[in-house]
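The numbering used here numbers the first residue of the sequence shown as -7 and each following residue consecutively. Ideal Cβ positions, reconstructed from N, Cα and C, are used throughout, including at glycine.
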Amino acid sequence: MCGIVGFVGREEAAPILLDGLARLEYRGYDSAGVAVLDGQKLRVAKAKGRLRVLADMIQNGRAIHGTVGIGHTRWATHGAPSDVNAHPQVSRSGKIAVVHNGIIENYAQLKEFLMARGVDFASETDTEVVAQLIEHFYQGNLLDAVAKVLHRIEGAYSLGIVCADEPDQLIAVRKDSPLILGVGDGFSFLASDVTAIIKHTRDVMYMDDGEIAVLTCDGIQVYDSFLQPVEKTIARVDWEIDAAEKGGYEHFMLKEIMEQPDALRKAIFPRIRDGEVVLEDFGLTDEYIRQIEKIFIVACGSSYHVGMVGKYNLEQMLRIPVDVVLASEFRYMDPIVTEHTLVIVISQSGETLDTMAALRAAKGLGATILSIVNVVGSSIARESDTVLYTWAGPEIAVATTKAYSTQLAVLDLLGLYFARKLGTLPEERYQTVIQSLLLLPSQMEQVLECQANIQYLASQYFNHDSIFFIGRNLDYALGLEGSLKLKEISYIHSEAYASGELKHGTISLIEDGTLVVAVATYNRLFDKAMSNVVEVKSRGADVLALTTEDKAADMEKYANGIITIPETDEMLRPSLGVAPLQLLAYYIALMRGCDIDKPRNLAKSVTVE
Ligand code: F6R
């Protein structure tokens, strides 16, 4: 939600800021802006619409000069997308500019406080309050003024701040919203994520909550909220710039779907040695594992869907009760948590606000937190008792794909690891799952070869108004993800149902030509799946079935279209089955002319409630 970038160096800032914003645009894309200091004055340019509109307006940055600046790409929260509500927001003297990701919860009171002192506001944003408040406290020292403001604002925020009277520096602030600092030779950066700066530097500092950083050409000094200097370590980002580029694909989403075999290799192979799961630097002792009485899996969106699959698999492997709860619900529940409760938090970004809040609530109740996270150094990773990274590399498309499959693989590895400690899975089954996990990347490659078939099927169904996904058990969990993928990028109404629920109401929606995607990979329940297919067919539905190769012949008798996946352990079928559903959503959205990587109203990394 919103991307921010800041640069201080010896080169022209505006083109560098625009390039950084282009890489952050997936975080929000309803307006964009930059503010650059030219040594004396603050030059601000902002525009409603995609970044392209701003870039054209300032001739790709050539029209604005100066070597210090901040930029923003917005996902509107306070105030509709418009030129005036776009960031940077500027104080009334025009000297202080602020870019912000997050929400200032007490902005209305602060606005009243300032208006009572004669301050006029131009925008409807909460961010303008920050700019005006800094100016209110400013007495020739920006750092002091910012520190005073931080003690008055509430909410979640990462901020980039410049002041025309102190033209050689940028200030960065972070609380509950992602922000990293880039350390260079003769330049410094702030950014919402690494993709914006990786082209310039791999050396980064992760800011902690409440910290303030002063960035100049000569380096970065970080302070705590009482302005005491803080020593930070520099971490090195180990992925290549091409990981964050399209590399010849039309969309990031397709590229990321195709990257799944490699992402799975990276997530699985280093963690299996001599037929056994090895989790290095794992923070849970064998003694703790033996005392786990209850597991919660907490996450949002697709990560929650991974948790749904995880529930079935962990319960099967461990015989410990597992509840999967949406993070946005968990934080307001009264969950029964003891010191023997393990909370598994799943998040690609590691910054989702609801997930973060749920993590803190669970920690406060005494639970142990294990997170499965993609973004290294993210807030969720840092606040957990132990982390398992998915190592999927940067995921840029708003709709997640490779993060889903790697989260699932890591959760299965975790299940095996625990099962070995607890002795709950017979050795033969343990080895079958291990061998199946090792085969998963190459089988995923095989599945992705079905692209042309899926493209054809998409051409048959792309103009449907409503598409249902049905399945039981693991297939239901997979159907939820297939349905989410489809609706978020194609805008087709879609719902996923546990097949057994059809007769309890939903079947009344089936009419001639309704498309039902029947997920039927869980062979133990194949006959039941077939009965449901027959039921919806007899009410006029078209059925597209996803099943395993050995069941294809049976399914073909009834389904209008069929997609198959190769044989694997039953627990791992969602890992293979998800790929065709991702491709189906992708091609349907493509045929409908949708903006696949940046679907309407959405943004990656939901850092507001
Ligand atoms: C859907 C999607 C979202 C995320 C959700 C959680 O394609 O990407 O549903 O899964 O916003 O995000 P993370 O995993 O970053 O916490």
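*Count the other CB atoms within 10 Å of the CB of P327; is the residue buried (16 or more) or exposed (fewer)?*
Here residue 327 corresponds to residue number 335 of the sequence shown, with the count starting at 1. Counting Cβ neighbours within 10 Å, P327 comes out buried, since at least 16 surround it.
*Simplified DSSP state of F288, which is helix, strand or coil*: Against the sequence shown, residue 288 aligns to sequence position 296. Strand, per DSSP.
*Buried or exposed for I226, please, with buried defined as at least 16 other CB atoms from any protein chain shown within 10 angstroms of its CB.*
Within the sequence shown, the letter at position 234 stands for residue 226. I226 is exposed by the Cβ-count criterion.
_Could you tell me which whole alpha helix (DSSP H) segments of length 4 or greater appear in the region 544 to 574?_
544 to 548
_Entirely enclosed alpha helix (DSSP H) segments - the region 308 to 371, minimum 4 residues_ = 319 to 322 and 345 to 356
_For a quick check, are the C-beta atoms of V154 and I172 less than 8 Å apart?_
In the sequence shown, the residue the question calls residue 154 occupies position 162. In the sequence shown, the residue the question calls residue 172 occupies position 180. Their beta carbons are not under 8 Å apart, which means V154 does not touch I172 by this criterion.
*Three or more C-beta pairs closer than 8 Å, one from the region 570 to 585 and one from the region 467 to 485: is that the case here?*
yes
*Pull up the distance between the alpha-carbon of M309 and that of Y215, whole angstroms please.*
The count along the sequence shown starts at 1 and reaches residue 309 at position 317. The count along the sequence shown starts at 1 and reaches residue 215 at position 223. Taking the straight line joining both Cα atoms gives about 47 Å.
*On the premise that M(-7) lies in contact with S371, defined as a C-beta separation below 8 Å, what is that separation, rounded to the nearest angstrom?*
Indexing the sequence shown from 1 puts residue 371 at position 379. Indexing the sequence shown from 1 puts residue -7 at position 1. The pair is not a contact, with the Cβ atoms about 14 Å apart (cut-off 8 Å).
*Can you tell me the Cβ-Cβ gap for G63 and G12, rounded? I've got them flagged as a contact below 8 Å.*
The residue labelled residue 63 in the question sits at position 71 within the sequence shown. The residue labelled residue 12 in the question sits at position 20 within the sequence shown. Rounded, the Cβ-Cβ distance is 6 Å, consistent with contact.
_Helix, strand or coil, according to DSSP, for N524 in the structure here?_
For the purposes of this step, residue 524 is taken as the residue at position 532 of the sequence shown. Three-state result, N524: helix.
*asked:* Closer than 8 Å is the cut-off here; do at least three beta carbon pairs connect the region 219 to 233 with the region 16 to 34?
replied: no
_Nearer than 7 Å: is that true of the beta carbon of Q283 relative to any heavy atom of the ligand F6R?_
By one-based count along the sequence shown, residue 283 stands at place 291. Every heavy atom of the ligand F6R is 7 Å or more from the Cβ of Q283, so no.
*Is the Cβ-Cβ distance between P386 and R257 less than 8 Å?*
Looking up residue 386 in the sequence shown gives position 394. Looking up residue 257 in the sequence shown gives position 265. Not closer than 8 Å, so no.
*asked:* DSSP three-state label for N445, please.
replied: Against the sequence shown, residue 445 aligns to sequence position 453. Three-state DSSP puts N445 in a helix.
_Three-state class that DSSP yields for A512 in the structure shown_ = In the sequence shown, counting from the first residue as 1, residue 512 sits at position 520. Strand at A512.
*When you compare only the Cα positions, how much space is there between N77 and L125?*
Translated into the one-based positions of the sequence shown, residue 77 becomes position 85. Translated into the one-based positions of the sequence shown, residue 125 becomes position 133. N77 and L125: Cα-Cα distance of roughly 17 Å.
*When A255, E272 and F322 are compared against V290, the one with the closest alpha-carbon*: For the purposes of this step, residue 290 is taken as residue 298 along the sequence shown, with counting starting at 1. That would be F322, whose Cα lies nearest to the Cα of V290.
*If you measure from the CB of T347, is any heavy atom of the ligand F6R nearer than 7 Å?*
Counting from 1 along the sequence shown, the entry for residue 347 is found at position 355. Yes, the ligand F6R has a heavy atom inside 7 Å of this Cβ.
*Given that a residue counts as buried once 16 or more other Cβ atoms are within 10 Å of its Cβ, and exposed if not, what is A325?*
Here residue 325 refers to the residue found at position 333 when the sequence shown is read from its first residue. This sequence places Met at residue 325; Ala is not what is there. Under this definition M325 is an exposed residue.
*Report the rounded CA-to-CA distance for G71 versus D22, giving the unit in angstroms.*
Along the sequence shown, one-based indexing puts residue 71 at 79. Along the sequence shown, one-based indexing puts residue 22 at 30. If you take the alpha carbons of G71 and D22, they lie about 12 Å apart.
*Between C586 and the ligand F6R, is the CB less than 7 Å from at least one heavy atom?*
Your numbering for residue 586 matches position 594 in the sequence shown. Checking the Cβ of C586 against the ligand F6R gives no.
*Would you tell me roughly how many angstroms separate the C-alpha atoms of L207 and D230, rounded to the nearest one?*
Walking along the sequence shown from the start, residue 207 turns up at place 215. Walking along the sequence shown from the start, residue 230 turns up at place 238. Each residue's alpha carbon lies about 23 Å from the other.
*Report yes if the CB atom of K413 is closer than 8 Å to the CB atom of I554, and no otherwise.*
Position 421 of the sequence shown, counting from 1, holds the residue named residue 413. Position 562 of the sequence shown, counting from 1, holds the residue named residue 554. No, Cβ-Cβ distance for K413 and I554 is not below 8 Å.
*With DSSP as the reference, label Q51 as helix, strand or coil.*
If you number the sequence shown from 1, residue 51 lands on position 59. Note: Q51 maps to helix in three-state DSSP.
*Identify the residues that DSSP records as bridge partners of S428: which are they?*
Reading the sequence shown from its first residue, position 436 is the one you call residue 428. DSSP output for S428 lists no bridge partner at all.
*Does the Cβ of T344 lie closer than 7 Å to at least one heavy atom of the ligand F6R?*
In the sequence shown, residue 344 corresponds to position 352, counting from 1. Because some heavy atom of the ligand F6R lies under 7 Å away, the Cβ of T344 counts as near it: yes.
*Exposure of G110, with buried meaning 16 or more beta-carbon neighbours within 10 Å*: To locate residue 110, count along the sequence shown from 1; it is residue 118. Looking at its Cβ environment, which holds fewer than 16 other Cβ atoms inside 10 Å, G110 is exposed.
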